[in-house]
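In this note's numbering, the protein residues as written are 93 to 338.
Just so you know, even glycine gets a beta-carbon here, dropped at the ideal spot from N, CA and C.
The structure displayed is predicted, hence computed values, not measured ones.
Encoded as structure tokens, the structure appears first; notes follow it.
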Amino acid sequence: MTFQVKGTAFITGGGSGIGKATAITLAENGISALALVDLNLIVLEATRDEIKARYPHVQGKIFKTNVAEEESVEDAVCKTVELFGSIDIGINCAGISGTPTPTHLMSLLEWQKVIDVNQTGVWLCQRALIRQMLKQESKGIREGRGLIVNVSSMFGVGGPPGPFRIPHYTAAKHGILINAICPGFVDTPIIGEQIKSGSMNPQFEMTPIGRPAQVEEISDVLLFLSSPGSSYMCGAALVADGGYTV
Ligand SMILES: NC(=O)c1ccc[n+]([C@@H]2O[C@H](COP(=O)([O-])OP(=O)(O)OC[C@H]3O[C@@H](n4cnc5c(N)ncnc54)[C@H](O)[C@@H]3O)[C@@H](O)[C@H]2O)c1
Numbered sequence: 093m094t095f096q097v098k099g100t101a102f103i104t105g106g107g108s109g110i111g112k113a114t115a116i117t118l119a120e121n122g123i124s125a126l127a128l129v130d131l132n133l134i135v136l137e138a139t140r141d142e143i144k145a146r147y148p149h150v151q152g153k154i155f156k157t158n159v160a161e162e163e164s165v166e167d168a169v170c171k172t173v174e175l176f177g178s179i180d181i182g183i184n185c186a187g188i189s190g191t192p193t194p195t196h197l198m199s200l201l202e203w204q205k206v207i208d209v210n211q212t213g214v215w216l217c218q219r220a221l222i223r224q225m226l227k228q229e230s231k232g233i234r235e236g237r238g239l240i241v242n243v244s245s246m247f248g249v250g251g252p253p254g255p256f257r258i259p260h261y262t263a264a265k266h267g268i269l270i271n272a273i274c275p276g277f278v279d280t281p282i283i284g285e286q287i288k289s290g291s292m293n294p295q296f297e298m299t300p301i302g303r304p305a306q307v308e309e310i311s312d313v314l315l316f317l318s319s320p321g322s323s324y325m326c327g328a329a330l331v332a333d334g335g336y337t338v
């Protein structure tokens, strides 16, 4: 990839899947410090160790954080700023799939769980990041005071076909389109079981490219959205779904 990034990045969901791949892609392309945030400490530690071994020049910090909890988010952002001095790139990637259930059978608890993480969690992180970025000096028109990319979904721009039964996931992902990437199916743990069982095969057949994305095919788009190459984009929802929604 030819896009380059500079400075420091804060990545939620940074322990696994798209968040982890994005951390590695940014490390490969110029980032100097990474704050990785995730609820799962085990994957966070493994990702930190892998990045440290492959990119020893990149400063790495991990924070066990629940993005759905205000205090937890504020604490992670505050400690990142104490350590790194600034946050230049914020990537909100933490998310859950929820339990597929038709709307009329869904409990309030299940609805709330997905909205709390996938929508309120993104907003809480975005709010804390914007408050911090507004205090930072502008680095010029291409880099500004910082940038934020949210990881939405192709189900954040259109509705999923019937069999998915994920009204909570779809509602949450529609609400977070501010320079967002909207991936189709990506081969990561969030749908790992369904891929293994073969239950996703009909969906891959409906995808013109005929397969799920490899995680690097998404982290490369996030690299572009994190770089000065996307400096005139604002409020865009970039779909990378192998043609599924065409
Ligand atoms: N994989 C796909 O097919 C696909 C498609 C479209 C969009 N997405 C979106 O991409 C994002 C990343 O998903 P992924 O595919 O990498 O899955 P993943 O399960 O590998 O990664 C998600 C990470 O988020 C973390 N997380 C979950 N809840 C959290 C919370 N409350 N606080 C902090 N961290 C939390 C998990 O521990 C995990 O490490 C999600 O927002 C997902 O909705 C994924």
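The Cβ neighbour count for Gln306, taken over all protein chains shown within 10 Å, is under 16; the residue is labelled exposed.
When DSSP reads this structure, Asn242 sits in a beta bridge with Asn184 and Ala272. Annotated three-state conformation of Thr100 is strand, per DSSP. Minimum Cα-Cα distance from Ser323 among the listed residues Ile240, Ser311 and Thr299 corresponds to Ile240.
By the neighbour-count definition (other C-beta atoms within 10 Å, threshold 16), Met225 is a buried residue.
Distances from the CB of Phe247 to the heavy atoms of ligand 1 include at least one below 8 Å. Here Ile273 really is in contact with Ser244; their C-beta atoms are around 7 Å apart, less than 8 Å.
By the neighbour-count definition (other C-beta atoms within 10 Å, threshold 16), Asp141 is an exposed residue.
In the three-state scheme derived from DSSP, where H, G and I count as helix and E and B as strand, Gly152 is classed as strand. At least one heavy atom of ligand 1 falls within 8 Å of the beta-carbon of Ile188. Annotation: Asn242 to Gly187 spans about 11 Å, alpha carbon to alpha carbon. The three-state secondary structure of Val159, taken from DSSP, is coil. Two segments are said to touch when three or more pairs of C-beta atoms, one from each, lie closer than 8 Å; by this definition the stretch 198-211 does not touch the stretch 166-178.
Relative to Thr157, the option among Gln151, Cys185, Tyr147 and His149 whose CA is nearest is Cys185. About 4 Å separates the beta carbon of Ala220 from that of Val169, a gap short enough to meet the 8 Å contact definition. Less than 9 Å separates the beta-carbon of Ala101 from that of Ile123. With fewer than 16 neighbouring CB atoms inside 10 Å of its own CB, Pro294 falls in the exposed class. Scanning the stretch 254-302 for uninterrupted beta strand (DSSP E) segments of 3 residues or longer gives 272-275, listed from N- to C-terminal end.
Within the same chain, and ignoring the five residues on either side of Glu308 in sequence, the residues whose Cβ sits closer than 8 Å to its Cβ are Ala113 and Thr117.
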